[in-house]
Amino acid sequence: MRTVGFATCVGLSLLPLLGLSAPALAQADCKSVVAPSPFGPDDQTGATNRVTPQVTKAAAAEIQTGVVTPMANNLVDGVPLFGTRFTKTILTAVSTMPGAEYGKNKLSYMEDTYLSQSHVGTHIDGMGHIGIQDCYYNQTPMGKYVTQNYLKRLGIENMKSFATRGVIIDAVKVFQAAGKLKPNAACKNPCLDAGTVITEADLQAGLKMYNVTLREADAVFINTGWGDLFQQFPAQNATYNGGEPGISKSAATWLATQKVIVVGADTWAVEVIPGEDTTEAFPVHKTLLTDNGIHIIENARTDLIAAKAAQDNRATFFLNMTVPKAVGATGTFINIEAIQ
Amino acid sequence: MALRRRSLLACLIVAGLGPARAGQRRFRIAFANLDETPGVTLEGLGFTGIEMRRSFELAARTLPVDMLYFDNAGNPERAVANAQAAIAARVDLLIEYNADAEANATIGRLLATAGIPALALIDPLPGAPLYGPDNRAAGRIAGDALGAFAQETWPGEQVQGVLIGDVAGPGVAVAERVQGITDGIRQSLPTLQFTTLDTGGQPMRADALLTKVLLTQRGGRLLIATLDDLAAIYARNAVEMQRRQSDCIIVSQGLDHSIHGGASEKKEIDPNNRGSVLLGSVAYYMDRYGYEVLPLAMRLLAGEVLPPRTMTKHVLVTAANVFREYPPFDMN
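Sequence order for the protein chains is A and B. Numbering follows the numbering used here, in which position 297 of the first sequence is assigned residue number 297; successive positions increment by one, without gaps. Just add 1000 to the spot in the second sequence (first one is 1) and you have the numbering used here.
Here is the structure:
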């Protein structure tokens, strides 16, 4: 069984080279591997199905002062990246050269080329990002839908609106209050150390701290303080990438039962690393994305909204975030704002 | 008195008030490690005491336990003193990793007097269940793999065995591994002759030692078993420098972090390095002992009688299964 899974993975990566069609290598029975979607057998959208007009209208009530708090990090060379990922911009500024201007009004212009993978910086994971063997969200046998350039199913163009209520859970405050904060010396501000498990009880304590009850279609963000290291790039990139505090498997399951649409954090994987079971790879990703269609947002900037929550004693906001309609993509970098 | 307290505790746990339930009693468990001195490796393999301790720290996160850590620093007297400190701290259980039999006998007596149960790691402690590697089985896995490789790849050809490692003054563990390796290979190749190359505890010497063999034996095929992963890497260097990749295959013992990495940290045993002359390494998982031993400790605290000896399940890890055995987490 495990050998088949690995062979499938390798096979998929070789498909373009070999000129083979994917279906021949789709070997898993996805109905036994992945849970069915609650949104129907043809759904490719996932949890943003929950963002109804009523949800958005209710979320709009969060806008009381109009104060906007940034929740994304700058996308810039030098931030922590993983594996072989890269991000690089190339500026095209030809028309600014003397004599290259356009017309008698000497118009000039500049453009950029992004040479970047999509899962860099503050970014969202789509339904095509994580699977078990070749089985992805909604029991989709992705081997049938992988091309050299993009996915033919589960691309992020299928996402619906994120115009919903956001909730910040300040895990740093929770751990401080419980007297169990074990910080990392590299953090300039209080942070949970790598490997710290955030349980559902911790999440509930964080909600109780601001008298918040989660409701369907909420977008949940968790402040672990670990993002402090991201902001020290590149000095602390190795420490940042070396592990992280994060939610447990059971906490992810609990969040799924709350019918949230997003779980984000100021970490690179949202889940605790090293994991609770070192023989498993990214189980929270599987629970949220693959089994429940709930998006994950990584490398979010949560310290500012956490500070704002502490200042105003208010942990909810209107989530201002849109996602490019990048057909067949597995994720993308994003900008996020909290409006209160 | 202490025994009565333990019996009551066991009854409570068995009755459903066990450690897995939130809000119930937490246990104090002490782990006295063999040696956490930086650079000191354990059991002739590449794992460090710090790695082993870290595995206990990680495994303890989701268990109802408060851990106390002691470093025996390879010193029997200190091991006894640490055990006394653990007893004074009134721990519920002691996990002892100490190689000195005399000190372990003393520690066993002290614990029995205090009524504190214990688990022994690798080296026996009187009255305590033991957890540790199955050295002979691990060696056998390597030997089987080398023998099978020779039969499949070089059928009917002249093959010689080479054993590389710290073999001059082997302890029982290393001797068992060597026996397992030779038994395994001879299952396939009963008349195979072995050349033993002693690194004297300096794995880098494997390079020069094997180079000499390769220069003097140009015609035959070599099945190379190394007793640690660093020696395997240096042996691979020798094979590659002498351009003898088609004549040699290496299988190692340990699977420590010198030989396998992750998605971004590429090392010798890697899914994208399937053509390596270093076929694989038999995993001892000493960097995961906490995950194996703490559940045993919880069972012991629950009143369960453990078997006298629980052995690590060893696996040959190659490019084909390394990411399944050690899922990389540097890939997000």
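Using N, Cα and C, we set each Cβ at its ideal position, and we do this for glycine too. It should be emphasised that the depicted structure is a prediction, and the values quoted were computed from it without experimental measurement.
With a CB to CB cut of under 7 Å and the five nearest residues on each side skipped, what residues in its chain are close to residue i?
i         : result
Ala1022/B : Legend: pLDDT at Ala1022/B = 49, less than 50; position of this residue unreliable, value from coordinates given subsequently. Around Ala1022/B: no qualifying Cβ.
Gly1044/B : Asp1166, Ala1173, Val1174, Leu1227, Asp1228
Phe1323/B : Pro1271
Lys1313/B : none
Ala1168/B : Asp1198, Gly1200
Leu229/A  : Ala186, Cys187, Gln236, Thr239, Tyr240
At a CB-CB cut-off below 7 Å, which residues of chain B make contact with residue i?
i        : result
Asn241/A : Asp1330
Pro274/A : Leu1058, Phe1329
Tell me which residue opens and which closes the alpha helix (DSSP H) that residue i is part of.
i         : result
Met1241/B : 1229 to 1241
Ser1055/B : 1049 to 1060
Ala1082/B : Here residue 1082/B turns out to be Asn, not Ala, going by the sequence shown. Looking at the DSSP string, the run of the alpha helix (DSSP H) that includes Asn1082/B is 1076 to 1088.
Cys30/A   : 30 to 33
Ile1107/B : 1101 to 1114
Lys1212/B : 1205 to 1216
Asp303/A  : 303 to 312
Leu207/A  : 200 to 209
Pro53/A   : 53 to 60
Gly1139/B : 1135 to 1153
Val1174/B : 1172 to 1188
Hey, could you find the ends of the beta strand (DSSP E) residue i is sitting in?
i         : result
Gly1165/B : 1159 to 1165
Phe221/A  : 219 to 223
Asp1250/B : Note on residue identity: the sequence assigns Ile, not Asp, to residue 1250/B. Run containing Ile1250/B: 1248 to 1254, per the beta strand (DSSP E) assignment.
Ala300/A  : Careful: Ala300/A lies outside any beta strand (DSSP E) and carries neither H nor E.
Arg1324/B : Run containing Arg1324/B: none in the beta strand (DSSP E); it sits in the alpha helix (DSSP H), 1322 to 1325.
Arg1299/B : Arg1299/B -> not in any beta strand (DSSP E); alpha helix (DSSP H) instead, spanning 1289 to 1301.
Phe175/A  : Careful: Phe175/A lies outside any beta strand (DSSP E), inside the alpha helix (DSSP H) at 171 to 177.
Let me confirm a value: residue i is counted as buried when at least 16 other C-beta atoms fall within 10 Å, else exposed. Which label applies?
i         : result
Met110/A  : exposed
Ile130/A  : buried
Thr196/A  : buried
Gly264/A  : buried
Ile90/A   : exposed
Gln340/A  : buried
Met97/A   : exposed
Thr290/A  : buried
Leu25/A   : Interpretation of Leu25/A is limited by its pLDDT of 47, a score under 50 that renders its predicted location unreliable; no figure is taken from the coordinates.
Gln133/A  : buried
Lys249/A  : buried
Gly1200/B : exposed
Gln1187/B : exposed
Ser1335/B : Beyond the ends of chain B as shown, which are 1001 and 1332, falls residue 1335/B; an answer cannot be given.
Asp42/A   : exposed
Ser32/A   : exposed
Give the interface partners of residue i over in chain A, defined as CB-CB distance under 8 Å, in chain order.
i         : result
Tyr1291/B : Asp277, Thr278
Apart from the five residues just before and just after residue i, which ones in its own chain have a Cβ nearer than 8 Å to its Cβ?
i         : result
Asn1273/B : Lys1266, Ala1319
Gln1193/B : Gln1160, Gly1161
Ala329/A  : Ser118, Gly126, Gly128, Tyr150, Leu151, Gly155, Ile156, Glu157
Gly1180/B : Asn1135, Arg1136, Ala1137, Ala1138, Gly1139, Arg1140, Ile1141, Ala1142, Gly1143
Ser95/A   : Glu101, Tyr102, Leu107, Ser108, Tyr109, Met110
His1260/B : Lys1267, Glu1268, Ile1269, Asp1270, Ser1281, Val1317, Val1322, Tyr1326
Gly1108/B : Ala1118, Leu1125, Pro1126, Gly1127, Ala1128
Within the same chain, show all residues whose beta-carbon is closer than 6 Å to that of residue i, passing over the 5 residues directly before and after it, in chain order.
i         : result
Asn335/A  : Ala72
Arg1309/B : Leu1130
Thr1106/B : Val1080
Val174/A  : Asp202, Ala205, Gly206
Thr113/A  : Ile90
Ile63/A   : Phe318, Ile339
His1257/B : none
Thr199/A  : Ser248, Ala251
Ser1264/B : Asp1330
Can you pull the chain A residues whose beta carbon is under 9 Å from the beta carbon of residue i, in chain order?
i         : result
Arg1288/B : Thr278, Thr279
Thr1048/B : Simply none; closest approach about 16 Å.
Mind pulling the chain B residues with CB within less than 8 Å of residue i?
i        : result
Val197/A : Arg1061, Thr1062
Got a sec: is the Cβ-Cβ distance from residue i to anything in chain D below 8 Å?
i        : result
Pro234/A : Any reference to chain D falls outside this structure, whose protein chains are A and B.
**Asked** Are three or more beta carbon pairs between the region 212 to 228 of chain A and the region 148 to 167 of chain A nearer than 8 Å?
**Response** yes
**Prompt:** So, do the region 230 to 241 of chain A and the region 198 to 216 of chain A have three or more beta carbon pairs nearer to each other than 8 Å?
**Reply:** no
**Asked** Between the region 1063 to 1075 of chain B and the region 1032 to 1050 of chain B, do three or more beta carbon pairs fall short of 8 Å?
**Response** yes
**Prompt:** If we count Cβ pairs, one from each stretch, closer than 8 Å, do we get three or more for the region 1132 to 1146 of chain B versus the region 1282 to 1298 of chain B?
**Reply:** yes
**the region 1194 to 1208 of chain B in contact with the region 1231 to 1242 of chain B per 3-pair CB rule at 8 Å** = yes
**Message:** Contact between the region 1098 to 1115 of chain B and the region 1056 to 1064 of chain B is defined here as three or more beta-carbon pairs at a separation below 8 Å; is this criterion met?
**Reply:** no
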